[in-house]
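Comments concern the structure below.
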Amino acid sequence: MRWVPARALFLPLGGALAAALWPVRALEVVDLDRDRLVAVYPAGPFQLRYRHSVYGGLVWEQFTVVGTEILLDSVEAEQEAALEYYGLPQRVTQAAGRYRLSPVHQRLGELVVRATATGQRTLVVGRTSLPLYGEGREGHRVRLRGVRVPAGWLALSAVWKQIRERVKP
């Protein structure tokens, strides 16, 4: 009968361990030039915001993580010429002071971007903004891709991020 309490303890622990190891989809952000993981976010919609280097004005690219692929959903810009620059077949529409190409539905295995002070490329996930440029560097490569990670690791990543934000001077 002494094994009954042990089973009662191991069953919930085993369940918690299984849940923590369960693979979930996520968006991984890696600094390729430093070979360093920058961030991991739960899979879902995200946005890249930047200043167009040729035509000026802000550009917003809307993406979704689908499985382990990235899907470009739409592109918006302050300057119509910035959208035409990309040569996408969709018709440009205008609303609320922005020009828009939608729906795009272009599938990408991963996305590698250059982070420059001119473009000020910024990743926006929900209400969180992550500037990809800066740190005294110019033109470094950042990779965004859909991955599968253990649910517990994704949760710990989110908790660690919250702790770092609260400790900032």
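Numbering (the working numbering), first residue to last: 53 to 221. Glycine included, each C-beta is placed from N, C-alpha and C at the ideal position. Keep in mind that this is a model prediction, so the values were computed, not measured.
Out of Gly188, Asp85, Leu100 and Gly96, the CA that lies nearest to the CA of Val117 is found in Gly96. Distance between Leu110 and Glu130, taken at the CA atoms: about 6 Å.
According to the DSSP assignment, Leu123 belongs to the beta strand (DSSP E) that extends over Glu121 to Ala129. Here the alpha carbons of Leu163 and Gln142 stand approximately 21 Å from one another. Under a 10 Å Cβ-count criterion, Ala167 is classified as buried, with 16 or more other Cβ atoms of the shown protein chains found around its own Cβ. According to DSSP, Gln99 shares a beta bridge with Gln114 and Val176. Contact check between the region 191-202 and the region 117-126: three or more CB pairs, one atom from each, fall below 8 Å, which counts as touching. The beta-carbon distance between Ala134 and Tyr107, rounded to whole angstroms, is 4 Å. This is short enough to meet the 8 Å contact definition. The secondary-structure analysis by DSSP pairs Val201 across a beta bridge with Val76.
Remark: C-beta atoms of Val92 and Leu184 do not approach each other more closely than 9 Å.
The bridge partners DSSP lists for Glu162 are Arg197. Note on geometry: alpha-carbon atoms of Val127 and Leu140 lie some 10 Å from one another. The Cβ atoms of Pro94 and Asp125 lie no closer than 9 Å to each other.
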